[in-house]
Every structure is written in C-alpha cells, then in structure tokens.
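Heads up: the sequence shown at position 68 corresponds to 69 in the numbering used here, and the numbers run straight through without jumps.
Scroll down for the structure; my scribbles are underneath it.
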Amino acid sequence: MQHLIDILDLSTTEIDALIATAKDIIADPAKYAEKCRGKKLATLFYEPSTRTRLSFEAAMYELGGNVLGFSEAQSSSASKGESVADTAKIISCYADIIAMRHYKEGAPLVASLNASVPVINAGDGGHNHPTQTLADLLTISREKGRLSDLTVGFCGDLKFGRTVHSLLNAMVRYENVRFVLISPEELEIPGYLRQELVKKGVGFQETQSLEDAMPSLDILYMTRVQRERFFNEADYIRLKDSYVLTPEKLVSAKADMNILHPLPRVNEISVRVDDDPRACYFKQALNGKYIRMALILKLLDIA
Numbered sequence: 002m003q004h005l006i007d008i009l010d011l012s013t014t015e016i017d018a019l020i021a022t023a024k025d026i027i028a029d030p031a032k033y034a035e036k037c038r039g040k041k042l043a044t045l046f047y048e049p050s051t052r053t054r055l056s057f058e059a060a061m062y063e064l065g066g067n068v069l070g071f072s073e074a075q076s077s078s079a080s081k082g083e084s085v086a087d088t089a090k091i092i093s094c095y096a097d098i099i100a101m102r103h104y105k106e107g108a109p110l111v112a113s114l115n116a117s118v119p120v121i122n123a124g125d126g127g128h129n130h131p132t133q134t135l136a137d138l139l140t141i142s143r144e145k146g147r148l149s150d151l152t153v154g155f156c157g158d159l160k161f162g163r164t165v166h167s168l169l170n171a172m173v174r175y176e177n178v179r180f181v182l183i184s185p186e187e188l189e190i191p192g193y194l195r196q197e198l199v200k201k202g203v204g205f206q207e208t209q210s211l212e213d214a215m216p217s218l219d220i221l222y223m224t225r226v227q228r229e230r231f232f233n234e235a236d237y238i239r240l241k242d243s244y245v246l247t248p249e250k251l252v253s254a255k256a257d258m259n260i261l262h263p264l265p266r267v268n269e270i271s272v273r274v275d276d277d278p279r280a281c282y283f284k285q286a287l288n289g290k291y292i293r294m295a296l297i298l299k300l301l302d303i304a
C-alpha cells in the first residue's frame, strides 16, 4: 500500500507516469468514467479549502466513485478531542482512500501510519502540499512540453508557502532547472531548503526585486502572503502587499513565460493580468482535478 505524504515519496519516473495518465484522461475522459465504481474517497479537511477539496471530490466523481467526509474540524469528532490516529483507523473502515488537509505539520503522516487504506496529504500547515505540486508539474509540462531546462521564479511568501517547498523539492530532480527566489527578507525560504539546494549543486539566486528577476524567467510562481501563518498581525499587514503583479511589470518578461499561482489570490496578481495569454493559474486549477484522478487510480492500483 502506497501513501502520498511528501512529493519525495514519488520518484521522477512515477511523477512522469502520473502526468502521462492525466494527459490521457484529458484526451479520453470516457475511458476513465467507471474506473472507481464502488470505491469511496474520504475527504478529511481540518482547515478551509476550496480548490483542493472540491477538485478531489470532482476527481473521484468523474472516475465513477463516491465521496464522504467533512470540510471543517468542528463538524468532526476532532471537536470532541479525537486524535488523528483514531480518526484514520475509523475512516479506514468506511472508505477506500483518504485525502487529508490539516493545520498541523505531520498530521497526514500520523494518519498514514494508522490507516489501513492509502492516505494523501492534501496540505499540512506550512510544510507540504504534494498534490498541488503535481498540478503545478502537469501545468508546466502541458505549457512547456518539458520539466527540465527551465528558470523558475518563486515570488512572495517562500517561508511559509508549502506549495513552494513541495515544488522546489520536486523540480530539483529534473535536469538544468534554476531557481530565482524573490521575497522580502522576512519571508525567505527556510534554511534547510537553502542548504538542500547548495548540497545538490542547484543553481539559484535570492533577490527582493521582482522587476530585476523578470526577464530571465520561464515560469513565474506567485504566492500570497498567508495571514493564517502569521503570529503577529502587524507583520502580516506590513508584508502582505510586498509584491503585486501587474501588466506593467510583465513588459520585460518573455513572451512565452507562464504565470502560475496555487490560489486563492488576494491582490498579489492584478485581475488585469487574467487576460494575458501567459496567465495559467485557472488552467492550473483545472489540471489539479486531472492529476488527482491519476493519483487516485495509482494509489488504488487501478489500471
């Protein structure tokens, strides 16, 4: 039985196979419409979510399966003090596969150690978000035709952004990928990630200027500054508008650069950018459904 807790749980060969399956689903959805008939996905969401939860549910329904679960901790037995471990054991009696979003880092790992069905980490605190990373990789693959030979800029909250951490860990394994890390000093990537980049000999630079970085980028990955990760409201207010992407800032960008964002956005991408052909964040959300369909099939071992 295989779980997905961290993107590093998947080899690049497995990631490439998932992307190939997702592309096949896009090309021929009818072929997959009954693949999960009789199977149930449990969505255990202890933290608010729109895209991730609904895309998991849509993925399972489009595979012919069913969904059960909860969308907030208050509507589960967690409000009575039930542990994640016990919840995982109980839900394993009712479902064939579990997708868990939790505000505490490591909670999906605890669930996977106690469940008797596959567990998917749908985001744990500021730590990891592997299925968003798969959606990002599918998007890049569909737009660029490759996952190697790219310069990728990450902009905004690189300290708490679990999507950034997961995508960095995934892309360092592809050839000739270089990173430009754009953030205020207070929101730089964690030291352990910087050390990993150095240890692996991956090319990267850190800057506070989006404008300076723009001309070199093949991919620009924007993130919001997340109020829910801050202990100090004053710090959030001071940093929340550090970077706002506008059409004017895109003048120096490559004509075929792609703009990604895990969403939700607040104001870090102007709505005036939405009509730019380089904007891919709504495509990215749709790709999330297809890659989660592929992942459910893989973890349930359905050909």
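From the three backbone atoms N, C-alpha and C, an ideal C-beta is built for every residue, glycine too.
Exercise for the section: Report yes or no: do the stretch 137-145 and the stretch 57-76 share at least 3 C-beta pairs separated by less than 8 Å? Expected result: no
Practice task
Enumerate, from N- to C-terminal direction, the unbroken alpha helix (DSSP H) stretches of 4 or more residues contained entirely within the stretch 68-156.
Solution key: 85-92, 108-115, 131-145
Exercise for the section: Give the range of the alpha helix (DSSP H) segment to which Y193 is assigned. Expected result: 192-200
Problem - Exposure label - E83; buried when at least 16 CB within 10 Å - result: exposed
Handout entry: Contact with chain E by K201, beta-carbon distance below 8 Å
Key = Annotation note: the requested chain E is absent from the structure, which comprises a single protein chain.
Handout entry: For L139 and I26, believed in contact at Cβ under 8 Å, the rounded distance
Key = Rounded, the Cβ-Cβ distance is 10 Å, inconsistent with contact.
Practice task
Give me the Cα-Cα distance between K90 and L298, rounded to the nearest whole angstrom.
Solution key: 22 Å
Handout entry: Cα-Cα separation between E197 and R179, rounded to whole angstroms
Key = 14 Å
Problem - F283, enclosing beta strand (DSSP E) - first and last residue - result: Not the beta strand (DSSP E): F283 falls in the alpha helix (DSSP H), residues 282-300.
Problem - Where R179 falls: helix, strand or coil (DSSP) - result: strand
Handout entry: Nonlocal neighbours in the same chain, by C-beta distance under 6 Å from M61, ignoring five residues either side
Key = L42, V68
Practice task
Put N268 into one of helix, strand or coil per three-state DSSP.
Solution key: coil
Problem - Alpha-carbon to alpha-carbon, Y222 and S50 - result: 20 Å
Practice task
May I have the straight-line CA-CA distance separating E106 from H130, to the nearest angstrom?
Solution key: 11 Å
Problem - Best match in I270, V120, K290 for proximity to L5 [C-alpha to C-alpha] - result: V120
Practice task
Assuming Y291 and A23 form a contact by the criterion Cβ under 8 Å, report the distance between their Cβ atoms to the nearest whole angstrom.
Solution key: 4 Å
Problem - Reduced DSSP category for K41 - H, G, I as helix; E, B as strand; rest coil - result: strand
Handout entry: Buried or exposed by the 16-neighbour rule on C-beta atoms within 10 Å, applied to A157
Key = The residue you asked about is not Ala; residue 157 is Gly in the sequence shown. Buried, because 16 or more other Cβ atoms sit within 10 Å of the Cβ of G157.
Exercise for the section: Report all residues from its chain with a CB closer than 6 Å to the CB of A280; omit the five preceding and five following residues, and keep chain order. Expected result: I260, V274
Practice task
Quick one: using the 10 Å Cβ neighbour count with 16 as the cut-off for buried, is T164 buried or exposed?
Solution key: buried
Exercise for the section: Pick helix, strand or coil for I6, following the three-state DSSP scheme. Expected result: coil
Exercise for the section: Please say whether K201 and V173 have beta carbons closer to each other than 8 Å? Expected result: yes
Problem - C-alpha gap between V199 and G192, whole angstroms - result: 11 Å
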